[in-house]
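Beneath this line is the structure, given in structure tokens, with notes to follow.
Residue numbers (our numbering): 2 to 331.
Laid out in structure tokens, this is it:
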């Protein structure tokens, strides 16, 4: 059935041609090449920092490590295949390549959303429920991280198994959920994914950061006697970083959600071609701005990066012991 779906999509592209000119395809390819290189290198640097400084590899920081892994996955697989197809003017990796490409992008994308939700929960426990936060074991973090990966895997496999499907988009140079055929299977899949992987994480993030904001104001006013004091400036630092990551998550994934909703309840043929290509590009953009957020919004992470580039030893590294995201363990 999936082969027929892809075949129908391919026939449509062969008859109508790509909605973009080759010049426009080349512009998109240039963007993908540059963004892919920046994303891959910056996330490799992030992973390198954690490899070099063992004291940074804590349960809490494992969430950031896994986020970097998802970003490397997209930048090393998704970007090159898209760029090559744009330079070619159409999808050039066949049916199997389409399934692999689209499936991996959904897998890494959904896993990334799940991990960002874990970050929000971590901030909530650290700031609002410090006693609970300190009691969290490494196994607790492993379970949450594994849950994010398994959730991504489940939703990536569903279209391959027959719930909705993957096919080239109207540009003909990339593969995604086949939203051009907005049948019952596509609508049910899309609505479920948006509910579970967009609305629920967003609600959790808003709840967590609402209470985090209240707790931070309470601490500033020195009216919370029960709060266990630590390096408060570090906690504020990483919380601001987390909030920026969530806001950028909304920027990245909202256009894609709008396209899917439009295709579900409207006429997919009326979706502007520019929006059809910009939506997945926005979704991929998180792979290269996350490392920038780590560096710009987290001074200890920034110092660790500078120390690594200067080839300083562990003793000379201007980071006291751990990144501010670390929770004291019993």
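Virtual Cβ for every residue (Gly too), placed ideally from N, Cα, C.
Three-state secondary structure (DSSP) at residue i?
i           : result
residue 125 : helix
residue 272 : coil
residue 54  : coil
residue 168 : strand
residue 288 : helix
residue 177 : strand
residue 183 : coil
residue 333 : Because the chain is modelled from 2 through 331, residue 333 falls outside the range shown and cannot be assessed.
residue 135 : helix
residue 81  : helix
residue 163 : coil
residue 266 : helix
residue 281 : helix
residue 22  : coil
residue 311 : coil
residue 130 : coil
residue 61  : coil
residue 218 : helix
Measure the alpha-carbon distance for residue i versus residue j and round it to whole angstroms.
i           : j           : result
residue 183 : residue 257 : 15 Å
residue 102 : residue 204 : 29 Å
residue 191 : residue 310 : 44 Å
residue 211 : residue 54  : 33 Å
residue 170 : residue 31  : 19 Å
residue 261 : residue 304 : 41 Å
residue 21  : residue 77  : 25 Å
residue 297 : residue 63  : 20 Å
residue 209 : residue 217 : 12 Å
residue 160 : residue 198 : 15 Å
residue 249 : residue 287 : 7 Å
residue 29  : residue 150 : 29 Å
residue 253 : residue 279 : 10 Å
residue 84  : residue 281 : 13 Å
residue 25  : residue 268 : 24 Å
residue 185 : residue 294 : 39 Å
residue 143 : residue 23  : 46 Å
residue 181 : residue 52  : 44 Å
residue 301 : residue 243 : 14 Å
residue 251 : residue 132 : 31 Å
residue 92  : residue 139 : 43 Å
residue 307 : residue 168 : 43 Å
residue 130 : residue 291 : 26 Å
residue 263 : residue 219 : 42 Å
residue 148 : residue 117 : 12 Å
residue 215 : residue 274 : 43 Å
residue 27  : residue 255 : 25 Å
residue 35  : residue 122 : 33 Å
Taking the alpha carbon of residue i as the reference point, which residue from the options has its own alpha carbon closest?
i           : options               : result
residue 206 : 58, 115, 94 and 144   : 115
residue 124 : 165, 65 and 163       : 65
residue 109 : 138, 156, 174 and 293 : 156
residue 259 : 276, 244, 248 and 243 : 276
residue 136 : 118, 126 and 280      : 126
residue 59  : 149, 189 and 141      : 141
residue 42  : 107, 72 and 200       : 72
residue 37  : 27, 61 and 81         : 81
residue 134 : 61, 273, 148 and 117  : 61
residue 107 : 272, 118, 122 and 158 : 158
Compute the distance between the beta-carbons of residue i and residue j, then report whether it is under 8 Å.
i           : j           : result
residue 120 : residue 246 : yes
residue 285 : residue 79  : yes
residue 1   : residue 112 : Residue 1 lies beyond the range of the chain shown here (2 to 331); nothing can be said about it.
residue 179 : residue 163 : no
residue 283 : residue 40  : no
residue 240 : residue 213 : yes
residue 67  : residue 128 : no
residue 74  : residue 33  : no
residue 188 : residue 265 : yes
With 8 Å set as the bound, which would you pick, yes or no: does the beta-carbon of residue i sit closer than that to a beta-carbon of chain D?
i           : result
residue 289 : Judged by its chain identifiers, the structure shown contains no chain D, having just a single protein chain.
Contact between the segment 39-57 and the segment 88-108 is defined here as three or more beta-carbon pairs at a separation below 8 Å; is this criterion met?
They do not touch, by the three-pair rule.
Contact between the segment 174-181 and the segment 82-91: three or more CB pairs below 8 Å?
Counting Cβ pairs under 8 Å, three or more are found: they touch.
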